[in-house]
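Peer 1: There's a structure below that I have some questions on.
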Amino acid sequence: MPPNKLLLATAVAHGLLSIGHTMKGIEMFANPSFKKLPPTLFGAVKAGWFEGSVFLAIMGLINYRWANEGFKNTFDIAIASLISVLCFGFGGYYAKTGDKGTAGILSVVGLLQVAGARGAM
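Shown next, in the form of structure tokens:
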């Protein structure tokens with residue numbers, strides 16, 4: 005079975021999102037306003053942000069596996085669906101808070117996820 009090209013593209017997109025997310029975090033946490041947060045809150049926010057970067061990398065790896073091996077069961081379909089919901093949900097949140105660029109990127113990745121998943125079923 006040849007690789008699912010849409011899921012391969014989705015895997016690459018999630019990998020790039022992970023890198024971009026990490027770079028945005030490094031830039032964001034250098035802002036002096038973050039240093040004004042209580043240390044515990046600052047630590048939680050920073051840890052959570054970079055946890056998100058790792059999660060995006062994991063989603064890239066999962067999509068790479070699906071692109072090459074297909075879905076094994078309904079759990080894979082459920083996971084792919086939840087990843088799409090996550091992309092669209094956070095895309096909407098970023099749009100609401102004024103970050104239209106990130107919102108657009110997440111929407112495109114969400115659409116890739118849906119299209120790739122449909123092709124894998």
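Going by the working numbering, the sequence shown opens with residue 5, and the numbers climb by one from there.
Glycine is no exception: its CB is placed at the ideal position from the N, C-alpha and C atoms.
Check for me: the alpha helix (DSSP H) holding GLY74 runs from which residue to which?
Peer 2: Along the sequence shown, one-based indexing puts residue 74 at 70. Here GLY74 belongs to no alpha helix (DSSP H), and DSSP marks it neither H nor E.
Peer 1: Any contact of the region 29 to 36 with the region 78 to 97, i.e. 3+ C-beta pairs under 8 Å?
Peer 2: Not touching, per the Cβ criterion.
Peer 1: Using only alpha-carbon positions, find the residue among GLY74, ALA119, GLY114 and ALA13 that is nearest to VAL89.
Peer 2: By 1-based counting over the sequence shown, the position of residue 89 is 85. Ranking the options by Cα distance to VAL89, first place goes to GLY114.
Peer 1: Which word fits VAL118, buried or exposed, when buried means at least 16 other C-beta atoms lie within 10 angstroms of its C-beta?
Peer 2: In the sequence shown, residue 118 corresponds to position 114, counting from 1. Burial call: buried.
Peer 1: What are the complete alpha helix (DSSP H) segments, minimum 4 residues, inside the region 36 to 75?
Peer 2: Whole alpha helix (DSSP H) segments, 4+ residues: 36 to 39 and 43 to 73.
Peer 1: Near ASN72, which residues of its chain fall below 6 Å by C-beta distance, leaving aside the five closest residues on each side in sequence?
Peer 2: Against the sequence shown, residue 72 aligns to sequence position 68. For ASN72, where only same-chain residues beyond five positions count, the Cβ hits under 6 Å are PRO7.
Peer 1: Taking the alpha helix (DSSP H) that ALA13 falls in, what are its first and last residues?
Peer 2: As a working note, residue 13 is residue 9 in the sequence shown. It spans 9 to 33 - the alpha helix (DSSP H) in which ALA13 sits, taken as one unbroken run.
Peer 1: Hey, HIS25 and GLY56: beta-carbon distance below 8 Å or not?
Peer 2: On the sequence shown, residue 25 is found 21 positions in, with the first residue counted as 1. On the sequence shown, residue 56 is found 52 positions in, with the first residue counted as 1. A contact, by the Cβ cut-off of 8 Å.
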